[in-house]
Each structure stands twice: as C-alpha cells, then as structure tokens.
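In our numbering, the protein residues as written are 1 to 213. Idealized CB from N, CA, C, for every residue including glycine.
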C-alpha cells in the first residue's frame with residue numbers, strides 16, 4: 001500500500017514538474033514602445049495641395065497602428081477622365097479639404113513590412129467647369145477605403161517609405177454636384193495608388209512580462 005502511494009505521489013510530482021516547466025520557459029521580458037509617426041504624401045504638393053498624417057502604435061500593440069490625417073489637392077486631368085461621364089467636359093476638380101481616420105494591421109511587426117488598412121473620412125470638394133470663371137460647386141463625400149501596402153525602412157534611421165493602394169467607396173452626403181445644368185458624376189468606386197514618406201519617433205518605453213504562445 002505504501003509502495004502504491006509513493007508511486008502515485010512521484011507520478012503526480014513528475015506531471016506537475018513537466019507541466020510547469022513549459023510555463024516558466026514561455027515567460028520572457030518584452031520591451032514595448034509607443035511609437036508616433038509623422039508622414040506626408042509628396043504628390044499632393046505637386047498638385048497644389050498638402051498632406052499631413054500622424055500614426056500611433058500604442059505600447060500594448062504588436063501589429064496594430066492607428067492614426068488621423070488631413071489633405072487637399074487638385075485632381076490632374078487624367079484622374080478626372082477616369083470617369084467616362086466626366087471625361088473632356090472641362091471639369092476642374094479639387095479636394096479643398098479632407099479629414100480621415102486610419103487603421104493599419106501589420107502581418108509581421110507594427111510599422112514594418114506588409115499591412116492591410118482601412119480608412120474612413122470626409123472629403124470636401126470645390127469644383128468648377130470651363131468656361132464658367134468664378135463659379136463653382138461645393139459638396140462633401142463620405143469615403144470608406146480598404147487598402148494594402150508595405151512600410152519599408154531602407155535606412156539606419158527611422159525614415160520610411162510607404163507605397164500603398166486602395167479602393168475607395170464614396171457617396172455624397174451634403175452639397176450640390178450640378179453647375180449650370182452640368183452634373184459632375186461622383187464615382188461610387190475610386191481606385192487610388194500613392195506613396196507616403198514618414199518618420200517614426202519612440203515617445204515612451206515600458207517593459208512587462210508576457211507569455212509567448
């Protein structure tokens with residue numbers, strides 16, 4: 001009887017030690033940083049506009065980055081002509097101001113490599129048509145755009161290049177898109193490709209215990 005009890009006790013201890021060992025082996029110290037990034041779209045300046053965006057990787061996030069931005073630009077003729085209903089009709093199209101919220105999920109590590117994104121925003125347009133100088137229409141669109149791209153850091157310092165592409169779903173929510181009997185057709189789907197350039201700053205740093213699964 002005593003032999004059976006000893007065998008049972010030893011067996012329990014062995015299972016306990018085996019089950020506890022991986023748990024302790026899985027524990028490690030992980031450095032977590034809050035990273036603030038500032039970025040822009042250089043092409044907007046070429047088209048008479050601007051772009052200013054901020055991105056934030058919270059300290060508790062390994063792959064998710066959130067942010068906000070504002071931008072404006074004149075549409076070059078080739079972008080206007082992508083919509084056959086507006087092609088060669090003399091429309092001058094400008095995003096006079098726009099504001100958006102952004103989310104980016106990185107497949108490997110936040111702010112590095114490939115990501116899938118989503119943005120939601122408001123775009124305020126101010127359009128005119130030739131030959132009607134001094135007259136314009138103003139309206140606002142709601143924009144929802146899923147996107148994909150890559151964050152590439154080719155240098156030893158945290159300057160990065162971010163080429164990305166998206167497909168925007170848009171719809172007018174206020175204002176008028178008709179001027180002197182001419183209606184500017186608002187595309188429901190709008191493809192978009194661009195390049196952002198940014199710089200990342202570590203603003204806080206914390207250390208905590210985590211378990212790697």
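### Task
Would you mind sorting residue 149 into buried or exposed? The rule is 16 or more other CB atoms within 10 Å of its CB.
buried
#### Entry: Boundaries (first-last residue) of the alpha helix (DSSP H) holding residue 78
77 to 80
### Query
Would you say the segment 70 to 85 touches the segment 131 to 148, given that touching needs at least three Cβ pairs under 8 Å?
no
### Query
Which residue or residues does DSSP assign as beta-bridge partners of residue 214?
The question about residue 214 has no answer here: the residues shown for the chain are numbered 1 through 213.
### Query
Across which residues does DSSP place residue 182 in a beta bridge pair?
179
### Task
From the DSSP output, in three-state form, read off residue 59 for me.
coil
### Query
In chain order, which continuous runs of the beta strand (DSSP E) of length 3 or greater are located wholly inside the segment 95 to 176?
113 to 129, 137 to 151 and 159 to 175
### Task
Would you check if the distance between the CB atom of residue 154 and the CB atom of residue 201 is smaller than 9 Å?
no
### Reduced DSSP category for residue 214 - H, G, I as helix; E, B as strand; rest coil
Examination of residue 214 is not possible in this model, given that the chain is present from 1 through 213 alone.
### Task
With DSSP collapsed to three states, give me the class of residue 196.
strand
### Message
Give me, in chain order, the residues of the same chain whose beta-carbon lies closer than 6 Å to that of residue 172; leave out the 5 immediate sequence neighbours on both sides.
### Response
139, 141 and 186
### Query
In terms of residues, what are the limits of the beta strand (DSSP E) holding residue 74?
Its beta strand (DSSP E) spans residues 64 to 74.
#### Entry: Selection from 35, 84 and 47 that minimises the alpha carbon distance to residue 60
35
### Query
In the DSSP assignment, what are the bridge partners of residue 34?
204
### Task
Throw me the rounded Cβ distance for the residue 62 and residue 90 pair, which I believe falls under 8 Å.
With a Cβ gap of about 51 Å, residue 62 and residue 90 do not count as contacting.
### Query
Just how far apart, CA to CA, sit residue 179 and residue 189?
22 Å
#### Entry: Residue span of the alpha helix (DSSP H) that contains residue 47, given as start and end
That residue, residue 47, is in no alpha helix (DSSP H); it is neither H nor E in DSSP.
### Query
Going by alpha carbons, who is nearest to residue 183 out of 58, 66, 41 and 83?
83
### Query
Should residue 41 be labelled buried (16 or more other beta-carbon atoms within 10 Å of its own) or exposed?
buried
### Task
Compute the distance between the beta-carbons of residue 98 and residue 122, then report whether it is under 9 Å.
yes
### Task
Please look up how many angstroms separate the CB atoms of residue 100 and residue 49, rounded, as I've assumed it's under 8 Å.
Not a contact, Cβ separation roughly 14 Å.
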